[in-house]
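Asks: My structure is below; once you've seen it, I'll send some questions.
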Amino acid sequence: MAEDSSISTPPPPQVQASPPPPVAEEKEVEASPPAPPPVVEESESLPIIEKEELPPPPTPPQESKSLAAMMEKEESFSSPPPSLAAEEKVEELGESVVAKEEVVVVEAVKEKQIEEQKIPQTLVSFKEESNKVADLSDVERKALEELKQLVQEALNSHQFSSPPPPPTTKKKRNRVLLHQDKIVKKFQLCPLDRPQMLLQKLKHPCQNPMSVQRNHHQESKVEEQPPSKESQEGVKKEEPKIASSPEEVSIWGIPLLKDDRSDVILLKFLRAREFKVKDAFIMIKNTIRWGKDFKIDELLDEDLGDDLDKVVFMHGHDREGHPVCYNVYGEFQNKELYQKTFADEAKRTRFLRCRIQFLERSIRKLDFSPGGISTIFQVNDLKNSPGPGKRELRLATSQALQLLQDNYPEFVAKQVFINVPWWYLAFYTMISPFMTQRTKSKFVFAGPSKSADTLFKYISPEQVPIQYGGLSVDYCDCNPEFTVADPATEITVKPATKKTVEIIIYEKCIIVWEIRVVGWEVSYGAEFVPDAKDAYTVIIQKPTKLASTDEPVVTSSFKVGELGKIMLTVDNSTSKKKKLIYRFKIKPFSD
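Residue numbers (UniProt numbering): 1 to 591.
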């Protein structure tokens, strides 16, 4: 199996909202006891190992800053202490109680922890290199120039379009050589005064030797005649055909050596072959020939149906701008779809053609300029995926993996596997020999309890599909209030704590918000608190316990007629931390 790293880092940092204004902050200064120490939980047993730090998520839109400001308040369940002595006793008692709770929680999740510890979390951290020539090292720059020279020579001599010589040519040549050897041996054994006649007899066995002599003299005279003017003109006319112009060859819609986008493509092949120029050049030639044999240009416009639209699809971008491709293997639990896709060799070939068509169309949308995005972020959902016992799926997967590795180098920015089941370790061990170490270094694994957190580490919540814990919906025709352009805020709600998000309203408006707690199993409530002392608090949403089967996202709105604040409260009474995601939008209105 691939190398497993034992180094671990803390879980992703909490994302806090923008700081409250001074006036609001003064109102919230209250004495409260320290929160209980964090409880050991399942999700902390298998952290994702990454060396590089990710940028913080985007803050709410600046346009609404003049109307509202956000403020968060975290409360513990214990009441304020009456005195210093009582406070010390409460702290001592609380520590002993929490210690007991920690033991219970660890015992409750111990079995599941052991199961998820079998899953390799990640391998060597991979950092994507720059495609700008100025950022390359001297060795890399020299290798690029050498490869460009080899490609130019191949274009000049039409090596990419000329088919390889047929293997039967060598056999025919060997037969001719054997025949000539027999003639030479007979010539050496014949009398010295008749060698010429014997050779002519071998060439023309039915002719008279005397006539052969006369024909030989005539042939020698003909051979000595100088070439005619017509033949010389014919040779001159054929000369321009030999010095033809270089051929034009394109890969993924980019013509080779026409502009700087070609450098990005050549660098992909060089990195796939560790900057070994000759190996990279051979890989380029093989890829071009394979594309012609596979008829890629025709495949792009071919209609292969929409059977796999739910199996593989593009959705949003990661935090660095890479397009995200989702591969949902659980769809193959549908027996009808499985048989239709993998039942025989012809159907598996069609499956490969569908995947190649999808990949080719996605690649041609990338930006191959030196500073552009030319790789794809891959998410592989293994929830309810058929196990490794499915021979047909295993064959198709191995074939596709080898084909992609040979002909599509360096197109993966990251490979994230989510909802990884216990059996995946054996399956990964089986397919890992087909991968290079560089390919395996891009892999990240997450069990079911860590899937959403892992995705949020690389992809903003507003870009993550709703079925994976995010807020993005692309199948709704209802013209929703929010889109992927509206950033969301992430907050971690600790076990046995209450989190309150306050949105300060500075003028009359209509406020719309979305809120979600991944997996719910918490209580949620919303209310409006006016600034006026004689005004009453308005209950917008009575505190209600929401289960994991309830609507994943709650969308609400409130018409504010006076200054005050919206308070969104999440009460997490469970022993696990929860991920809270929310965003809001302010709409002005007139009476």
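Just so it is clear, CB atoms sit at the ideal spot from N, CA and C, and this is done for glycine as well.
Starting from Lys278, trace the alpha helix (DSSP H) in both directions and tell me its first and last residue.
Replies: Start and end: 277-294.
Asks: To the nearest angstrom, report how far apart Phe358 and Tyr326 are at their CA atoms.
Replies: Rounded to the nearest angstrom, the two C-alpha atoms are 12 angstroms apart.
Asks: According to DSSP, is Asn380 helix, strand or coil?
Replies: Strand.
Asks: How about Glu331 and Val311: are their beta carbons less than 7 angstroms apart?
Replies: Yes. Within cutoff.
Asks: Which residues in the same chain as Lys365 place their Cβ atom closer than 7 angstroms to its Cβ, once the five residues preceding and following it in sequence are excluded?
Replies: Around Lys365: no qualifying Cβ.
Asks: Let me check understanding here. Comparing Cα to Cα, which of Tyr536, Ile356, Leu144 lies closest to Glu562?
Replies: When each option's Cα is compared against that of Glu562, the closest is Tyr536.
Asks: How big is the Cα-Cα spacing for Asn286 and Asn407?
Replies: Near 8 angstroms, if we compare the C-alpha coordinates of Asn407 and Asn286.
Asks: Assuming Lys494 contacts Lys577 (C-beta within less than 8 angstroms), just tell me the rounded distance between them.
Replies: Correct: roughly 5 angstroms between the Cβ atoms.
Asks: Once the 5 residues before and after Cys354 are set aside, which same chain residues still bring their CB inside 6 angstroms of it?
Replies: Here the set comprises Leu304, Leu308.
Asks: Residues in the same chain with beta-carbon distance under 6 angstroms from Asp367, minus the five sequence neighbours each way, listed in chain order, please.
Replies: Taken in chain order, the residues that qualify are Ile373.
Asks: Taking contact to mean 3 or more Cβ pairs, one atom from each stretch, closer than 8 angstroms, check whether the region 145-156 and the region 246-254 are in contact.
Replies: Touching, per the Cβ criterion.
Asks: Taking just the CA atoms, how far does Val379 sit from Leu491?
Replies: According to the sequence shown, residue 491 is Ile rather than Leu. If I take the Cα positions, the gap works out to 23 angstroms.
Asks: Rank Pro461, Ser472, Val139 by C-alpha distance to the C-alpha of Leu267 and give the top, closest one.
Replies: Of the candidates Pro461, Ser472, Val139, the one whose C-alpha sits nearest the C-alpha of Leu267 is Val139.
Asks: Between which residues of its own chain and Lys565 is the CB-CB distance below 7 angstroms, once the five residues before and five after are set aside?
Replies: Same-chain partners within the cutoff: Glu502, Ile503, Ile504, Ile505, Val529.
Asks: Candidates Thr489, Ser460, Lys414, Trp423: which alpha carbon is nearest Gly447's?
Replies: Residue Trp423 is the option with its Cα nearest to Gly447.
Asks: For the candidate residues Gly371, Arg348, Met435, whose alpha-carbon lies nearest to that of Arg394?
Replies: Checking every option, the nearest Cα to that of Arg394 belongs to Arg348.
Asks: Grouping DSSP H, G and I as helix and E and B as strand, with all else coil, what is Met435?
Replies: In this structure, Met435 counts as coil in the three-state DSSP scheme.
Asks: Which of helix, strand or coil does DSSP assign to Tyr582?
Replies: Tyr582: strand per DSSP, three-state reduction.
Asks: Would Ile510 and Glu527 qualify as a contact pair, given that the criterion is a beta-carbon distance under 7 angstroms?
Replies: In this structure, Glu527 does not lie closer than 7 angstroms to Ile510 by Cβ.
Asks: Given this structure, state the Cα-to-Cα distance separating Lys499 from Val324, to the nearest angstrom.
Replies: Cα to Cα, the separation comes out at about 32 angstroms.
Asks: Can Ala485 and Leu471 be called in contact, C-beta distance under 7 angstroms?
Replies: Cβ atoms of Ala485 and Leu471: not closer than 7 angstroms.
Asks: On the DSSP bridge list, what partners appear for Tyr468?
Replies: Beta-bridge pairing links Tyr468 to no other residue.
Asks: Decide if the region 250-259 is in contact with the region 313-320; the criterion is three or more beta carbon pairs, one per stretch, under 8 angstroms apart.
Replies: Touching, no.
Asks: Could you tell me whether the region 514-527 touches the region 551-562, where touching means 3 or more Cβ pairs closer than 8 angstroms?
Replies: Yes, since at least three Cβ pairs between the region 514-527 and the region 551-562 fall closer than 8 angstroms, the two stretches touch.
Asks: Could you pull the start and end residues of the beta strand (DSSP E) that Val416 belongs to?
Replies: 412-418 is the span of the beta strand (DSSP E), which, as asked, contains Val416.
Asks: May I have the straight-line CA-CA distance separating Pro543 from Phe558, to the nearest angstrom?
Replies: Cα to Cα, the separation comes out at about 17 angstroms.
Asks: What's the gap between the Cα of Tyr458 and the Cα of Arg583?
Replies: Rounded to the nearest angstrom, the two C-alpha atoms are 19 angstroms apart.
Asks: Return the CA-CA distance between Lys450 and Leu136, expressed in angstroms with no decimal places.
Replies: For Lys450 and Leu136, the distance between alpha carbons rounds to 37 angstroms.
Asks: Between Gln405, Arg361, Leu337, which has its C-alpha nearest Ile284's C-alpha?
Replies: Considering only alpha carbons, the answer is Gln405.
Asks: For the beta strand (DSSP E) that contains Glu157, what are its first and last residues?
Replies: A small correction: the amino acid at residue 157 is Ser; Glu does not occupy that position in the sequence shown. No beta strand (DSSP E) holds Ser157; DSSP gives it neither H nor E.
Asks: Who are the near neighbours of Cys382 in its chain, counting only those whose CB is closer than 8 angstroms to its CB and skipping five residues on each side?
Replies: It is worth fixing the name first, because residue 382 is Leu in this sequence and not Cys. Tyr329, Gly330, Phe417, Ile418, Asn419, Val420, Pro421, Tyr424.
Asks: Quick check on this structure: which residue in Val512, Trp520, Lys545 has the alpha carbon closest to the alpha carbon of Pro588?
Replies: Comparing Cα-Cα distances from Pro588 to each of Val512, Trp520, Lys545, the minimum goes to Val512.
Asks: Exposed or buried, Leu144, counting other C-beta atoms within 10 Å across all chains shown (16 or more means buried)?
Replies: It is buried - the Cβ of Leu144 has at least 16 other Cβ atoms within 10 Å.
Asks: For the candidate residues Glu410, Val264, Thr574, whose alpha-carbon lies nearest to that of Phe377?
Replies: Comparing Cα-Cα distances from Phe377 to each of Glu410, Val264, Thr574, the minimum goes to Glu410.
Asks: At 3 residues or longer, what runs of the beta strand (DSSP E) sit wholly inside the region 322-368?
Replies: Counting only runs of 3 or more, we get 323-328.
Asks: I need the DSSP call for Tyr524, collapsed to helix, strand or coil.
Replies: Strand, per DSSP.
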